[in-house]
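Here the sequence shown is numbered in numbering that gives the first Met the number 0, starting from 0 and rising by one per residue.
All residues carry an ideal CB built from backbone N, CA and C; glycine is no exception.
Notes follow once the structure below has been shown.
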Amino acid sequence: MFETKLIKPDYRRAEREAIGLLNASGIFEPPVNPVEIARGIGVKVNFVSFSGESEGVAGLYDPAQDAIFVNRGEPGVRQTFTIAHELGHKVLHEDWAKTEAYKVLWRDPTRQTKDRWEQEANAFAANLLMPQQMVDAYRDFPLPVVAKIFAVSEVFAGFRLKNLYGL
Numbered sequence: 000m001f002e003t004k005l006i007k008p009d010y011r012r013a014e015r016e017a018i019g020l021l022n023a024s025g026i027f028e029p030p031v032n033p034v035e036i037a038r039g040i041g042v043k044v045n046f047v048s049f050s051g052e053s054e055g056v057a058g059l060y061d062p063a064q065d066a067i068f069v070n071r072g073e074p075g076v077r078q079t080f081t082i083a084h085e086l087g088h089k090v091l092h093e094d095w096a097k098t099e100a101y102k103v104l105w106r107d108p109t110r111q112t113k114d115r116w117e118q119e120a121n122a123f124a125a126n127l128l129m130p131q132q133m134v135d136a137y138r139d140f141p142l143p144v145v146a147k148i149f150a151v152s153e154v155f156a157g158f159r160l161k162n163l164y165g166l
């Protein structure tokens with residue numbers, strides 16, 4: 000039912016849903032707080048410690064509890080991205096998240112999958128945390144300043160600026 004090989008990521012839908020959620024939340028200026036957005040739509044956000052085999056988990060969305068679980072040991076900017084990413088799964092993929100196909104978000108990039116759902120959740124997070132209409136006003140600022148304004152990592156801000164403007 001959830002075949003990944005033949006279906007390309009729907010980046011436009013991810014962007015549309017993220018912008019719609021920002022508008023519905025009344026957020027039009029940075030920084031975007033994904034915890035407030037999640038809680039505003041009834042999703043619980045829990046900061047937890049993962050241990051054992053799960054120690055390397057950055058976060059996950061549990062549709063049974065309608066909750067996002069975030070690794071409290073991660074830096075704040077990583078937690079922000081993780082919450083936005085998992086919120087993307089809630090908004091875009093709730094039915095898929097109820098299946099065995101759903102995978103947690105690992106801290107280690109080599110353990111992360113690059114399937115359609117993960118790519119869409121990443122695109123959702125990018126558009127939620129740094130939507131183009133907000134970024135346009137700051138695109139010529141130095142990267143560290145942009146990252147600080149949007150409360151994201153410099154690495155994330157750099158990727159977003161490159162994706163939006165080729166910078």
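The Cβ neighbour count for Q132, taken over all protein chains shown within 10 Å, is under 16; the residue is labelled exposed.
Excluding residues up to 5 positions away in sequence, V42, K43, V44, N45, Y60 lie with their Cβ nearer than 8 Å to the Cβ of A66 in the same chain. For G25, there is no enclosing alpha helix (DSSP H), as DSSP marks it with neither H nor E.
Less than 8 Å divides the Cβ of G58 from the Cβ of E85.
L160 is positioned such that its CB atom lies no closer than 8 Å to that of L20. Boundaries of the alpha helix (DSSP H) around Y164: 153-164.
Inter-segment contact for the stretch 75-82 and the stretch 29-43 is present: three or more beta-carbon pairs are separated by less than 8 Å. With 16 or more neighbouring CB atoms inside 10 Å of its own CB, R115 falls in the buried class.
Exclusion of the five residues before and after A146 leaves S152, E153, A156 as the residues of its chain whose Cβ lies within less than 7 Å of its Cβ.
Here I40 carries a coil assignment [DSSP, helix/strand/coil].
In the three-state reduction of the DSSP assignment, F123 falls in the helix class.
Excluding its 5 nearest sequence neighbours in each direction, Y164 has C-beta neighbours in its own chain below 7 Å: R138, listed in chain order.
Going by C-alpha positions, S53 is about 14 Å away from E73.
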